[in-house]
Amino acid sequence: MAIEVNNESGDQLDERAILDIARYTLARMRIHPLSELSVIAVDAAAMERLHLQWMDLPGPTDVMSFPMDELRPPMKDDEEPVQGLLGDVVLCPEVAREQGQAAPTRHSMDAELQLLTVHGVLHLLGYDHEEPTERAEMFGLQQAIVDGWRAERGLSGPSPAPTLT
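The sequence shown begins at 8 in my numbering and counts up by one.
Encoded structure:
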């Protein structure tokens with residue numbers, strides 16, 4: 008996978024973990040190994056501008072996704088994945104820090120950013136959470152991916168639960 012992680016936020020991030028969980032997510036979703044993804048961390052002011060420009064909503068948000076080729080995971084085991092440009096996932100560490108501290112599992116900013124990376128990639132792959140059935144499917148898949156990634160790395164403690172609304 009061609010995955011680029013750029014930290015423009017000014018915060019210290021575990022960029023390796025963001026890269027690893029993005030790669031794990033794409034592999035688990037059977038996305039073509041030559042597909043491209045960009046993950047960018049920005050400060051709250053930059054995220055607020057993006058949130059207002061693209062969603063017409065005030066204030067910064069935790070994650071935004073900007074799809075390019077609208078790739079979808081193969082639906083059948085014998086179906087070949089298509090190569091393409093997935094798009095951009097934009098993360099806001101400041102919001103992630105606040106969400107991690109407020110979550111029932113009280114987890115780190117980095118753990119929240121890992122969860123948000125999976126969430127953003129799933130949005131790029133066409134998943135959404137507007138309707139209750141969509142929300143259950145997306146958040147269940149998201150949790151399974153985070154749990155699988157953490158288990159492969161021998162990470163202990165509870166996985167961060169979705170704090171997204």
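C-beta: ideal position from N, C-alpha, C; glycine also.
8 Å contact criterion, which residue i and residue j should meet: CB distance rounded
{"i": "L57", "j": "M71", "result": "6 Å"}
{"i": "I47", "j": "V97", "result": "5 Å"}
{"i": "Q121", "j": "V153", "result": "7 Å"}
{"i": "M36", "j": "P80", "result": "4 Å"}
{"i": "E43", "j": "L93", "result": "6 Å"}
{"i": "G133", "j": "E55", "result": "Rounded, the Cβ-Cβ distance is 26 Å, inconsistent with contact."}
{"i": "P67", "j": "H114", "result": "About 19 Å separates the two Cβ atoms, so there is no contact after all."}
For residue i, the residue or residues it bridges with in DSSP
{"i": "D18", "result": "In DSSP, D18 forms no bridge with anything."}
{"i": "S45", "result": "E11, D95"}
{"i": "S72", "result": "V96"}
Residue i and residue j closer than 8 Å at C-beta
{"i": "D18", "j": "P111", "result": "no"}
{"i": "V125", "j": "T32", "result": "yes"}
{"i": "S16", "j": "D95", "result": "no"}
Neighbourhood of residue i by C-beta distance below 7 Å, restricted to the same chain and skipping five residues each side
{"i": "P65", "result": "L59"}
{"i": "N14", "result": "L20, E22, A48"}
{"i": "D117", "result": "L20, D21, A24"}
{"i": "H130", "result": "S72"}
{"i": "R157", "result": "S166"}
Nonlocal neighbours in the same chain, by C-beta distance under 8 Å from residue i, ignoring five residues either side
{"i": "I38", "result": "M8, L78, P80, P88, L93, L132"}
{"i": "R30", "result": "M8, I10"}
{"i": "T172", "result": "Residue confidence for T172 is low, a pLDDT of 46 falling below 50, so the modelled location carries little weight; the figure read from the coordinates is stated next. Closer than 8 Å at Cβ, skipping near neighbours: no residue."}
Contact set for residue i: own chain, Cβ-Cβ below 6 Å, skip 5 residues either direction
{"i": "R142", "result": "H136"}
{"i": "D27", "result": "none"}
Item to check | Unbroken stretches of the alpha helix (DSSP H), 4 residues or longer, contained in the stretch 117-159 | outcome: 139-159
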